[in-house]
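A.B. asks: Could you have a look at this structure, given as structure tokens, before my questions?
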Amino acid sequence: EGRGPQLILSRNSPEFLIELFKIEVPEIAEETIEIRGAARDPGMRAKIAVKTNDGRIDPVGACVGMRGARVQAVSNELNGERVDIVLWDDNPAQLVINAMAPADVSSIVMDEDNRSMDVAVTGDNLAQAIGRGGQNVRLASELTGWKLNVMSEEQAVERQEAESEKLVNMFMVRLDADTELAQILVDEGFTSIDEVAYVPVEEMLSIDGFDEDLVETLRARARDVLLTAALTGDESREPTDDLLTMEGMTPGLAYQLADRGVCTMDDLAELSVDELTEIEGVDEAAAAALIMKAREPWFADDADETAEESREQE
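Numbering (the numbering used here), first residue to last: 28 to 341.
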């Protein structure tokens, strides 16, 4: 103790797996093939991503070896740990598709801001894509560096429809657009007020039915919304999913509430009936019903605390 630095050896680290492949695959040691990433569930399963620096060499085949000899030698050293060899791709979506093997991916929706992807697979592929205990998707996520939300094709369609409806209602409220116009914006790929405000004019004019007057009107409204948000410090106000989906709530009302700083069910629960009826179209009965619905979780929490106290007294 206290005689200098300690050397800690681990057979569980991804680096150990990489070093084993360097021993078994000469092309890796010679840097003709690169291992771009590795993820492990030690003793159970692993994934490595490889790429070639020589177009004549198949990196996956080279790592597998004749009749699987090379990868089998690595697996034997790791007590039978199954190793999936994945072809590296600079395109994150394609890399995820490769990493999800053996499951076949039907579609991918990327969220670059949150570095996540919704990955849709056919129903009969869902269990395989997720893997036992979530192993396959967990390793694929670790290997690619993206959070992966795996779902069936049906679930993906439902999510996309819900997201589309949310965007349509947002554009209707924020830009004072009718349903048809808001739907066109969503269909054309617009997902935020910023995009409407600052996308090149030529791009908006290329939309069927859009003329200069309409484009300028939309851009002016969008910039007004952004300016107001910047002045009030409310640039990121959006209604949360719990507010949008609560019983009795409409998307239009949810966005009006968000514009007033009421973004969650808790925020709504703290309002008075008088405050809520300040919004046009909301009468006292509707306001009272919405507020009581928003307060229901409070009553549930109180009931749980009372039950817990009773058990402790017993």
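The beta carbon of each residue, even a glycine, is placed where N, CA and C say it ideally should be.
Could you check where the beta strand (DSSP E) with G64 kicks off and where it finishes?
C.D. replies: 60-68 is the extent of the beta strand (DSSP E) around G64.
A.B. asks: To the nearest angstrom, how far is it from the Cα of V123 to the Cα of R159?
C.D. replies: Between V123 and R159, the C-alpha separation is close to 18 Å.
A.B. asks: Per DSSP, which one or two residues make a beta bridge with V132?
C.D. replies: Answer is V148, bridged to V132.
A.B. asks: Measure the CB-CB distance between D131 and N176 and report whether it falls below 8 Å.
C.D. replies: Contact: no.
A.B. asks: To the nearest angstrom, report how far apart W115 and Q99 are at their CA atoms.
C.D. replies: Straight-line Cα distance between these residues: approximately 21 Å.
A.B. asks: Just verifying my parser: in three-state terms, what is the DSSP assignment at M71?
C.D. replies: Three-state DSSP puts M71 in coil, outside helix and strand.
A.B. asks: One question on the structure: do A209 and S179 come within less than 8 Å of each other, judged by their Cβ atoms?
C.D. replies: No, the pair does not count as a contact, with Cβ atoms beyond the cut-off.
A.B. asks: Spell out the partners DSSP gives S179 in its beta bridges.
C.D. replies: In DSSP, S179 forms a bridge with V148.
A.B. asks: So V343 is in the beta strand (DSSP E); what residue range does that whole segment cover?
C.D. replies: The chain is shown from 28 up to 341; residue 343 falls before or after that span and cannot be answered.
A.B. asks: Sort S168, M127, G161 by Cα distance to S143 and report the nearest one.
C.D. replies: The residue with the shortest Cα to Cα distance from S143 is S168.
A.B. asks: On the three-state DSSP scale, how would you describe D117?
C.D. replies: Looking at D117 - three-state DSSP - the assignment turns out to be coil, as it is neither helix nor strand.
A.B. asks: Fully enclosed by the segment 152-230, which alpha helix (DSSP H) runs are 4 residues long or longer?
C.D. replies: If we require 4 residues or more, the alpha helix (DSSP H) runs fully inside the segment 152-230 come out as 153-157, 162-171, 180-201, 206-214, 220-225.
A.B. asks: Can you give the Cα-Cα distance for Q121 and E42, rounded to whole angstroms?
C.D. replies: Going from the Cα of Q121 to the Cα of E42 covers about 24 Å.
A.B. asks: Is the beta carbon of A285 closer than 8 Å to that of E265?
C.D. replies: In contact: E265 and A285 (Cβ atoms closer than 8 Å).
A.B. asks: If you check the beta carbons only, do L271 and A281 fall under 8 Å apart?
C.D. replies: The answer is yes: Cβ separation under 8 Å.
A.B. asks: Give the range of the alpha helix (DSSP H) segment to which D294 is assigned.
C.D. replies: 292-296 is the span of the alpha helix (DSSP H), which, as asked, contains D294.
A.B. asks: Which residues mark the beginning and the end of the alpha helix (DSSP H) in which Q283 is found?
C.D. replies: Here the alpha helix (DSSP H) through Q283 covers 278-286.
A.B. asks: Helix, strand or coil for V101? Go by DSSP, reduced to three states.
C.D. replies: Helix.
A.B. asks: Which residue marks the beginning of the alpha helix (DSSP H) containing P53, and which one marks its end?
C.D. replies: Counting along the chain, the alpha helix (DSSP H) containing P53 begins and ends at 53-56.
A.B. asks: Using the three-state DSSP reduction, which class does V77 fall into: helix, strand or coil?
C.D. replies: Correct three-state label for V77: strand.
A.B. asks: Would you call the CB atoms of V223 and L241 closer than 8 Å?
C.D. replies: Not a contact, by the Cβ cut-off of 8 Å.
A.B. asks: So, do the segment 291-307 and the segment 214-230 have three or more beta carbon pairs nearer to each other than 8 Å?
C.D. replies: The segment 291-307 vs the segment 214-230: no contact.
A.B. asks: For D301, name the three-state secondary structure that DSSP assigns.
C.D. replies: If DSSP states are grouped into helix, strand and coil, D301 belongs with the helices.
A.B. asks: Within 10 angstroms of its Cβ, does R94 collect 16 or more other Cβ (buried), or is it exposed?
C.D. replies: Flag for R94 reads exposed.
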